[in-house]
Amino acid sequence: MSAATDTQVESAQQWDTLQRVILPNASQMDTVPLYMDMGTATGIQLPTVGSGDGKKARAQSFSSSTKEAHVEDFLSRSSTKVRSGERVSFGSYFNAFPASYWRRWTTVDKIRLQVRTQGTGSVIVYKSNARGSLQRVDTRRVEGSAENTFELSLAPFGDGGWYWFDLVAGSEPLVMVDAEWQGPAVESTPGSVTLQITTLNKTDFCLNNLRLLAENPDALKHVQEILLVDQGTQKVEDADGFAEVHESLGGKLRIINQSNLGGSGGFARGMFEAVENGSDYVLLMDDDIVVEPESIIRLLTFADRCKTPTIVGGHMFDLYNRTVLHTFGEVVNPYRFQPSLPSEDMVLGHDFLSSNLRQTSWLHRRCDVDYNGWWMCLIPTSVIREIGLSLPLFIKWDDSEYGLRAKAHGFPTVSLPGSAVWHVSWIDKDDLVGWQAYFHARNRIVAALLHSPYEHGGRVVRESQYADIKHLVSMQYATAHGRGWALEDVLKGPADLPDLLPSKLPEIRKMMAGYSDSIFRADADEFPTPKMDKPPRRGHGVSQPSRVTLLPWAAKTVARQLFRPVTKTSAERPQTNIAHQDNRWWRIAQFDSAIVSNAEGTGASWYKRDPKRVREMLTESSRLHAALLKDWQSLSKQYKAAMPELTSLDSWKKIFEEHTQSEVK
33 MSAATDTQVE SAQQWDTLQR VILPNASQMD TVPLYMDMGT ATGIQLPTVG SGDGKKARAQ
93 SFSSSTKEAH VEDFLSRSST KVRSGERVSF GSYFNAFPAS YWRRWTTVDK IRLQVRTQGT
153 GSVIVYKSNA RGSLQRVDTR RVEGSAENTF ELSLAPFGDG GWYWFDLVAG SEPLVMVDAE
213 WQGPAVESTP GSVTLQITTL NKTDFCLNNL RLLAENPDAL KHVQEILLVD QGTQKVEDAD
273 GFAEVHESLG GKLRIINQSN LGGSGGFARG MFEAVENGSD YVLLMDDDIV VEPESIIRLL
333 TFADRCKTPT IVGGHMFDLY NRTVLHTFGE VVNPYRFQPS LPSEDMVLGH DFLSSNLRQT
393 SWLHRRCDVD YNGWWMCLIP TSVIREIGLS LPLFIKWDDS EYGLRAKAHG FPTVSLPGSA
453 VWHVSWIDKD DLVGWQAYFH ARNRIVAALL HSPYEHGGRV VRESQYADIK HLVSMQYATA
513 HGRGWALEDV LKGPADLPDL LPSKLPEIRK MMAGYSDSIF RADADEFPTP KMDKPPRRGH
573 GVSQPSRVTL LPWAAKTVAR QLFRPVTKTS AERPQTNIAH QDNRWWRIAQ FDSAIVSNAE
633 GTGASWYKRD PKRVREMLTE SSRLHAALLK DWQSLSKQYK AAMPELTSLD SWKKIFEEHT
693 QSEVK
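If you're matching positions, the sequence shown starts at 33 in this note's numbering and goes up one per residue.
Right, dumping it as structure tokens:
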């Protein structure tokens, strides 16, 4: 074929939009670093081969002096102005193109960048590799009204890497009219989506997200239905402003009011309804979020081009510190059966304001995951038909178990960069203590019984026993009681899981009302003033034991908790106040009585040592864990045999028929 013919074929190639370049709304200027960077295209300086003193060499990042973005230069969601002599980079979370993800999981093997500009300057295209090193790909000089396209291969991105571009203005301002990343056109039409939100008394959040969706019709173009599963007592349909929002969505919104079946019950309802209404996907979203609407389009576009049916999820940013990424991806450690980071270089809570994409080497390595949190997760209904719906777990481990189950059936999960929500952070929560401890303990063990590759679950039983000991020496008796119930229910087998959905939480709350460590008071003056019988030894506070002293120190501490009587003074008044961040088991175990604040900072409770209760609970914990270890293999067989029925459409249909209260269309 001649060169001329090659050019004709190439020019005849049709292209679809894969990812539009977007900018924040005027009211979201605190998120600018996620969309655009000011300054030069600095990258990662890789360590010299053979250098170092034997320690692990780490890549260093170098940052140019950061400039503030000019709010008035953001002309629209797709257009911005670069001032004369200045430079901006779209090597950012929302606008760089995650090339390695498209190469690994989709049928796309080449892409095209299209940039439309007005004015004089340059468009410079860059790429990175999996190590984060920066490489310039191409540069175009532009002037007047210009449209430039750059055809780019995905071949070099086997392990990681991104594409992005910078704009440099000349002697006059340069306006980016719009830009987008494109892929070869496909004949099939985009899949249809049921967008489902599960809520429990979060009416303001729900109305805000529904307004955002109504204001972004492109995001709803392929949404067949918005389904709001309302499990609360404060109904969204009764909130001020609902009628206006409902009308603005043009008949796409449907509300199902049902009993509180937890997150798993709410999300299972979304899965069920998506299968029933013939959608190609269900998009599960949490209620206490703010969504970036463009993420909906990106998840669908990516999923439609995946080689096999694939679960595609978005990331989670901190709602109250909006440049902070909670995590870039998660796997389940098979031995400990706990969520963990896929790479030791990754960090939780990465702040893009401190270190942007180009300066953070680990963000360039493709992150392969076991599951994606259901704060935003797109699931093909073909996957649901084959592997079922969520397990009836109420809350905790439902999303991770589902990802592991899908993986076992050959359906991967991808956490797709550039798609995200802002979610209420975990910082002000401690869900390992209190009523949620039951679900954490029970569901972790259930998931391990189903998916652990180890004969007796690896470290699961041992770590569960350690956790009980820590809670007991920390005077967290309500939590320990709930964890005991969790083991009892696991040992009973899987048959009762559906019946526990609506009933277990009320039982736990009733039980916890009998423990002072779970009764919170908002005002510290409601408690007696703390007083110590004796001052601290030599004026020192409690210090953390070292590795060398830990075992003998722990043995002495447990013996003290079990047998040393509580002084009369400590029974009548607390010895000290302990802030939540200082509430560590090795510290609080040295007291008989303490006022301890909660993670939210809204109150405190009175922890009181009870040696008799510790002895009884510790004995029961040992018995339950011994039984769990002894019966692990038979229980594993029971849960695996029961899973198809527990997660089936018919099983959940019976639950929904019993607990549906009303529907609003």
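Where a beta carbon is used, it is the ideal one built from N, C-alpha and C, also for glycine.
All values derive from a computational prediction rather than experimental measurement.
Cβ shell of residue i (< 6 Å), same chain only, five flanking positions each side left out
| i | result |
| --- | --- |
| Glu690 | none |
| Ala469 | Thr511, Gly514, Arg515 |
| Asp431 | Tyr403, Gly405, Trp406 |
| Thr63 | Pro56, Arg354 |
| Ser83 | Any reading at Ser83 must be qualified, since the residue scores a pLDDT of 40, below 50, and its modelled position is unreliable; the value itself is stated next. Cβ within range, chain order: n/a, list empty. |
| Thr692 | Gln290 |
| Gly525 | Gln670 |
Under 7 Å between C-beta atoms of residue i and residue j
| i | j | result |
| --- | --- | --- |
| Ala480 | Phe369 | yes |
| Gly490 | Tyr367 | yes |
| Thr679 | Leu421 | yes |
| Thr149 | Val174 | yes |
| Leu331 | Val344 | yes |
| Phe471 | Lys428 | yes |
| Pro424 | Pro530 | yes |
| Ile627 | Trp638 | yes |
| Met68 | Ser108 | no |
| Thr445 | Val401 | yes |
| Ala518 | Arg474 | yes |
| Pro268 | Leu351 | As written in the sequence, residue 268 is Val, which differs from the Pro given in the question. Not closer than 7 Å, so no. |
| Thr152 | Gly202 | yes |
| Phe237 | Asp319 | yes |
| Val307 | Ile411 | no |
| Trp684 | Phe443 | no |
Spatial neighbours of residue i in its chain, beta-carbon cut-off 7 Å, leaving aside the 5 residues before and after
| i | result |
| --- | --- |
| Ser311 | Ser224, Val225, Thr226, Gln256, Thr413 |
| Val81 | Only weak support is given to the placement of Val81: the predicted model assigns it a pLDDT of 40, under 50, and the value that follows is read from those uncertain coordinates. Excluding positions up to five away in sequence, the list is empty. |
| Asp85 | Residue confidence is low: Asp85 scores 41 on pLDDT, short of 50, so the model does not pin down where it sits. No coordinate-derived value is stated. |
| Glu418 | His441 |
| Ala659 | Leu523 |
| Asp48 | Gln214, Gly215, Ala217, Val218 |
| Glu652 | Gly516 |
| Leu66 | Ser124, Tyr125, Phe126, Thr355, Phe384 |
Residue i, enclosing beta strand (DSSP E) - first and last residue
| i | result |
| --- | --- |
| Gly202 | 195-216 |
| Cys409 | 408-412 |
| Asp170 | 166-174 |
| Ala452 | 445-455 |
| Thr11 | Given a span of 33 to 697 for the chain in the structure shown, any question on residue 11 remains unanswerable. |
| Phe182 | 177-185 |
| Asp500 | Unbroken run through Asp500 is the alpha helix (DSSP H), 492-505; no beta strand (DSSP E). |
| Tyr158 | 142-160 |
| Leu227 | 225-231 |
| Thr608 | 608-610 |
Where the alpha helix (DSSP H) through residue i begins and ends
| i | result |
| --- | --- |
| Trp664 | 664-678 |
| Ala479 | 468-483 |
| Pro249 | Pro249 -> no alpha helix (DSSP H), and no H or E assigned at all. |
| Glu690 | 681-691 |
| Tyr133 | 131-137 |
| Lys588 | 582-595 |
| Thr601 | 600-604 |
| Arg619 | 617-620 |
CA nearest to the CA of residue i, picked from the options
| i | options | result |
| --- | --- | --- |
| Asn289 | Leu199, Val261, Tyr434, Gly273 | Val261 |
| Lys142 | Arg243, Leu380, Pro188, Met649 | Pro188 |
| Ala452 | His382, Pro325, Glu418, Thr561 | Pro325 |
| Ala554 | Asp614, Lys672, Ser629 | Ser629 |
| Gln7 | Ser59, Ser165, Asp624 | What is shown of the chain runs 33 to 697, which leaves residue 7 out entirely. |
| Glu50 | Ser111, Gln146, Ala556, Glu104 | According to the sequence displayed, residue 50 carries Leu and not Glu. Selected option, being the one with the closest Cα: Gln146. |
| Val211 | Thr359, Lys524, Phe122 | The sequence shown places Ala at residue 211, rather than the Val named in the question. Here the closest residue by C-alpha is Phe122. |
| Thr231 | Phe299, Leu523, Ala603 | Phe299 |
| Ala335 | Ile156, Thr608, Thr139 | Thr139 |
| Gln607 | Arg641, Thr581, Pro562 | Pro562 |
| Gly282 | Ser575, Glu247, Leu482 | Glu247 |
| Val574 | Gly302, Thr589, Leu583, Phe688 | Thr589 |
Own chain, CB closer than 8 Å to residue i, minus 5 neighbours either side, in chain order
| i | result |
| --- | --- |
| Met649 | Asp500, Leu504, Tyr509, Ala512, His513, Gly516 |
| Lys88 | Residue placement at Lys88 is flagged as unreliable, the pLDDT there being 42, under the threshold of 50; a coordinate-derived value is accordingly withheld. |
Heavy atom of the ligand ADP within 6 Å of residue i beta-carbon
| i | result |
| --- | --- |
| Pro65 | Of the ligands one can find in the structure shown there are none, so the ligand ADP has no counterpart to examine. |
Going residue by residue through the region 272-345, where are the continuous beta strand (DSSP E) segments of at least 3 residues, counting only ones entirely within it? Positions of the beta strand (DSSP E) runs, each at least 3 residues long and wholly inside the region 272-345, are given as 285-290, 313-317, 321-323 in order along the chain.
Which residue spans inside the region 508-538 form an unbroken alpha helix (DSSP H) run of at least 4? 509-524
Please give the ranges of any alpha helix (DSSP H) in the region 370-443, keeping only runs that are unbroken, at least 4 residues long and fully inside the region. 413-419, 430-440
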